[in-house]
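Protein chains in written order, with full-length UniProt numbering: chain A, 1 to 554; chain B, 1 to 239.
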Amino acid sequence: MLRAFLVESILDSKMGSVEQQPDNLLVNVLQFLRSSTLFNDLLISAQEEAQKTSLRISELKKGVQNGLGSAGWDRKLRNAIYHFLQSQPKSMTNGILGSPEQLKEPLTYVRKAQLAWEKKILKSLNSMCTELTIPLARRRPEREQKDMMVRWTELGVDGPAFMRGSSGICRGIDLSQIRPVYAPKDFLEVVVSLQNPNCNSCGNVGSFDVPWGLIQVPMKVKTLNELRLQYSDMAITQCQTGVDDLSDIPAELFDNERTKLGRKVLSSKHAPISREFSKKGCPVSMRAELWSQILGVELDQVDHLYYEQLKAYVLQHDLLVDNLLYKDVKLTATNDDQYFVFEDFLYQVLLPFSRDTVVLKHFTQNSATPPKSYIRGKLGVEEFAVTYPPNGVIPFHGFAMYVAPMCYLYDDVVQLYFVFRKMYMHFFFRLHSVSSHPQGIVSLSLLFEHLLQAEEPELFYHLKQVGCQPLKIAFKWLMRAFSGFLASDQVLLLWDRVLAYDSLEILPVLAVAIFSFRKTNLMRVTTFNAAEAVLADLFTLQVLPLLQLALFSK
Amino acid sequence: MNDKPLSCTIKPAVCVTADTKGFHSGCKIVDISFPSIVNPEVTDENVEIGEIRFQNFYVAFLTVKAKIKLTEDTPREGPQDQGWRVALRRFPLMPDPHGETGAQDSFCLTRKHFSCDLSNIVSVRLILQQPAPVWKEFKMEELKLFRSSNGVRVPPLPTWVTEDDKTKVGKKELENENTGVVAEKNSRAEVGVPDIDSLSASLQQLWALAEEASSNQTEESLGRYEVEGCYDINLLAYS
Numbered sequence: 001m002l003r004a005f006l007v008e009s010i011l012d013s014k015m016g017s018v019e020q021q022p023d024n025l026l027v028n029v030l031q032f033l034r035s036s037t038l039f040n041d042l043l044i045s046a047q048e049e050a051q052k053t054s055l056r057i058s059e060l061k062k063g064v065q066n067g068l069g070s071a072g073w074d075r076k077l078r079n080a081i082y083h084f085l086q087s088q089p090k091s092m093t094n095g096i097l098g099s100p101e102q103l104k105e106p107l108t109y110v111r112k113a114q115l116a117w118e119k120k121i122l123k124s125l126n127s128m129c130t131e132l133t134i135p136l137a138r139r140r141p142e143r144e145q146k147d148m149m150v151r152w153t154e155l156g157v158d159g160p161a162f163m164r165g166s167s168g169i170c171r172g173i174d175l176s177q178i179r180p181v182y183a184p185k186d187f188l189e190v191v192v193s194l195q196n197p198n199c200n201s202c203g204n205v206g207s208f209d210v211p212w213g214l215i216q217v218p219m220k221v222k223t224l225n226e227l228r229l230q231y232s233d234m235a236i237t238q239c240q241t242g243v244d245d246l247s248d249i250p251a252e253l254f255d256n257e258r259t260k261l262g263r264k265v266l267s268s269k270h271a272p273i274s275r276e277f278s279k280k281g282c283p284v285s286m287r288a289e290l291w292s293q294i295l296g297v298e299l300d301q302v303d304h305l306y307y308e309q310l311k312a313y314v315l316q317h318d319l320l321v322d323n324l325l326y327k328d329v330k331l332t333a334t335n336d337d338q339y340f341v342f343e344d345f346l347y348q349v350l351l352p353f354s355r356d357t358v359v360l361k362h363f364t365q366n367s368a369t370p371p372k373s374y375i376r377g378k379l380g381v382e383e384f385a386v387t388y389p390p391n392g393v394i395p396f397h398g399f400a401m402y403v404a405p406m407c408y409l410y411d412d413v414v415q416l417y418f419v420f421r422k423m424y425m426h427f428f429f430r431l432h433s434v435s436s437h438p439q440g441i442v443s444l445s446l447l448f449e450h451l452l453q454a455e456e457p458e459l460f461y462h463l464k465q466v467g468c469q470p471l472k473i474a475f476k477w478l479m480r481a482f483s484g485f486l487a488s489d490q491v492l493l494l495w496d497r498v499l500a501y502d503s504l505e506i507l508p509v510l511a512v513a514i515f516s517f518r519k520t521n522l523m524r525v526t527t528f529n530a531a532e533a534v535l536a537d538l539f540t541l542q543v544l545p546l547l548q549l550a551l552f553s554k
Numbered sequence: 001m002n003d004k005p006l007s008c009t010i011k012p013a014v015c016v017t018a019d020t021k022g023f024h025s026g027c028k029i030v031d032i033s034f035p036s037i038v039n040p041e042v043t044d045e046n047v048e049i050g051e052i053r054f055q056n057f058y059v060a061f062l063t064v065k066a067k068i069k070l071t072e073d074t075p076r077e078g079p080q081d082q083g084w085r086v087a088l089r090r091f092p093l094m095p096d097p098h099g100e101t102g103a104q105d106s107f108c109l110t111r112k113h114f115s116c117d118l119s120n121i122v123s124v125r126l127i128l129q130q131p132a133p134v135w136k137e138f139k140m141e142e143l144k145l146f147r148s149s150n151g152v153r154v155p156p157l158p159t160w161v162t163e164d165d166k167t168k169v170g171k172k173e174l175e176n177e178n179t180g181v182v183a184e185k186n187s188r189a190e191v192g193v194p195d196i197d198s199l200s201a202s203l204q205q206l207w208a209l210a211e212e213a214s215s216n217q218t219e220e221s222l223g224r225y226e227v228e229g230c231y232d233i234n235l236l237a238y239s
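Here it is in structure tokens:
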């Protein structure tokens, strides 16, 4: 019975996209299933089925199979295999192998650039520590732990490092001295300076070696036509949630049917179906559930315990990263009238996130490597080497905005936490590491430049002439996946598509659409600041009509 | 299994040119010859290639030609047959020659990629092609030939996966551990006391089950990040 499910599910979800040896794949899937708790559960329920008195011995096998099938094991296994395959890197094609380092990032010069960038971040963190004479991490005294536990749901008031005690000592670190380690602008510089040493240069502007845009890496990105095919479900002829379900359109036309179908999809609890349904957007009332299904977040008691454990870790140790996160929330979400109400919620997600070692797993696919350190007094002793922060991710200016829009979806902080963690480990990490991956920020930036050049050559040329490279404005949008730049409901509609199509390529498409939409005004600007002003306020924009315009209007 | 690469001489790549004025043909040739001395590892002087491993550096297509030793029984391909056989024709290493994808990947080409059997080989010629003028250089790094394909050994699948359903019927094996064991127990209850052989057989199965369970330990970590409860850190290490 397992076998039938396995083979079918693999064929289902792969559809020939990966030419990896099927045997090898099967072995991996089996290995994964066997080591998961699911396998144990399956055995237990099989045993229960077999012990039913209604079962005749001659039909034991069939009976057990039917019993398991009707208990929903079919769906559970399919989902498990689907999510396992989703988490596998897609590069394992014909005859390609390599060291783990190479699998993270095959191109040497990109790897070097990422390493240099990491070193810069480390130095900046270290110098912050030295200047402020604070350690990266220290154990909180018992009393402080208790105090923080009491303030857990209202950390926004005084911050994580604050200590208000009967003794009257205030140990709060002066937050004005804590500054974000890096901002999108700094990272853009790194991305722009990326250059292939094996690239010929003959000095022709506009050719491969001296591009019109800022990105100088000759990577292959999709053309508009390829994107049209990829996003064909978003065509203007097809009704979309986010356009056709607005309140001024009669519900009979689209909304009623859509909701009905949505309920059916939800009850089937099958990730690929939810994903397919979401291609036309998630109805507001169903989004939370659909996203959880697509990402495979199904909370059980262990997950709740796990979150509690992370919380305990937060109380135990005081990290400098906490202050960075705290500062970031204060600078971004708290200043945003859409998100300030979620301030405390954000801490309850971000602080445990920094302690979560499961996040380290994504580094097998990420070109970045987690920072390393040694326990105080044991410098250089390998047994005392630790990653810092425990999840290996150093937040940048705007990191909290990856979480903020999702606060609208989940009122349970644990659910929010696990959905965010999945989103980060599957998508968001690619937006702030240098890599040649087709979903990486470098490729996305290049895709933006190519599309804008192809679709709005006049506009691109004009902006370039007045010294305002479009990417300089669009990069922060891409890096934050538009969170904080658009109205929150629009961000969620956009992320629906990211999840449904399992691709971040929609981000540059939207960026191009926005430039295109504001073209008339942009054509009149003569300075960078003026151009920035034209594109400063995007809160009135409707994402879907814009995307449709950019993808399908020509 | 022979894990050592075949001893061979890899000559430096020769760029194919039409004239001497730095014309970029985008084609290079690498000749590989095998020492004529009897290779101690190869008993029958039969040079056989089962696997080619290398790290690509901006080569877009790879063609592998092999010259085989012509003997009486070798089927000839025409009267002028010199013994050259094409094992691989324009195998794409980079999906798009102008783009970076695949440019620095490591490849492992095995028998299933080759169109003919590579045995009794005198020499091998690799033809590297890079039609795109974008790149300054293209070459192959860490080129190694192996006698047998033992690059990535895949553990064999459990029989219950590969076996067809039909062949399984009637077999009282441990296809699905649970149902199998239960079935056996039930059938024994019918006949009374089992004989020692079948008892020991099922005990062995039990042992196998236990072994299997212990080998299928979960890789789930405990999530500890501190060392002996301590996580006091001053500065980050530059490694």
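Just so it is clear, CB atoms sit at the ideal spot from N, CA and C, and this is done for glycine as well.
Exposure of residue i, with buried meaning 16 or more beta-carbon neighbours within 10 Å
i: H24/B; result: exposed
i: Y238/B; result: exposed
i: G180/B; result: Model confidence at G180/B stands at a pLDDT of 46, short of 50, so the residue's coordinates are unreliable; what they give is reported in the following sentence. The residue in question, G180/B, is buried, as its Cβ has 16 or more Cβ neighbours within 10 Å.
i: C15/B; result: exposed
i: R89/B; result: exposed
i: I236/A; result: exposed
i: T526/A; result: exposed
i: K327/A; result: buried
i: Y461/A; result: exposed
i: A208/B; result: exposed
i: V124/B; result: buried
Short Cβ contact (9 Å threshold) for residue i with residue j
i: V192/A; j: L551/A; result: no
i: I49/B; j: L128/B; result: no
i: A481/A; j: F539/A; result: no
i: F353/A; j: Y424/A; result: yes
i: L446/A; j: M234/A; result: no
i: A13/B; j: I29/B; result: yes
i: A271/A; j: N66/A; result: no
i: C199/A; j: K136/B; result: yes
i: F448/A; j: A511/A; result: yes
i: Y231/A; j: L547/A; result: yes
i: N366/A; j: F420/A; result: no
Selection from the options that minimises the alpha carbon distance to residue i
i: C468/A; options: D412/A, L85/A and L535/A; result: L535/A
i: Y417/A; options: D303/A, Q293/A, F396/A and E455/A; result: D303/A
i: A66/B; options: P12/B, S115/B and Q80/B; result: S115/B
i: G229/B; options: S292/A, R140/A, P218/A and S232/A; result: R140/A
i: D337/A; options: L227/A, L42/A and F485/A; result: F485/A
i: L227/A; options: Y402/A, L522/A, H450/A and E382/A; result: H450/A
i: R258/A; options: F420/A, D244/A, K269/A and S45/A; result: D244/A
i: G398/A; options: M479/A, Y306/A, F448/A and K464/A; result: M479/A
i: F107/B; options: K28/B, F91/B, Q205/B and N56/B; result: N56/B
i: P211/A; options: F517/A, A513/A and Q453/A; result: Q453/A
i: V150/A; options: L43/A, V359/A, A312/A and K119/A; result: A312/A
i: L188/A; options: I294/A, Q114/A, M406/A and N225/A; result: Q114/A
i: D496/A; options: L85/A, K279/A, P370/A and E458/A; result: K279/A
i: L444/A; options: R138/A, I215/A, I178/A and E276/A; result: I215/A
i: T9/B; options: V122/B, Y225/B, L70/B and V64/B; result: V122/B
i: Y402/A; options: P389/A, L325/A and S436/A; result: L325/A
i: Y347/A; options: R34/A, D158/A, K554/A and V110/A; result: D158/A
N-terminal and C-terminal residue of the beta strand (DSSP E) that residue i is part of
i: I127/B; result: I121 to Q129
i: H83/A; result: Note, H83/A: premise wrong, no beta strand (DSSP E); alpha helix (DSSP H) at W73 to S87.
i: P92/B; result: W84 to P92
i: S445/A; result: Unbroken run through S445/A is the alpha helix (DSSP H), I441 to E455; no beta strand (DSSP E).
Range of the contiguous alpha helix (DSSP H) that encloses residue i
i: L68/A; result: L60 to S70
i: E142/B; result: Not the alpha helix (DSSP H): E142/B falls in the beta strand (DSSP E), residues K139 to F146.
i: T130/A; result: T108 to L132
i: K519/A; result: K519 to L522
Any non-hydrogen atom of the ligand ATP within 8 Å of residue i CB
i: F448/A; result: Judged by which ligands are present, the structure shown has none, so any question about the ligand ATP falls away.
Segments of 4+ residues assigned as alpha helix (DSSP H) that fall wholly inside the region 329 to 402 of chain A: 343 to 355
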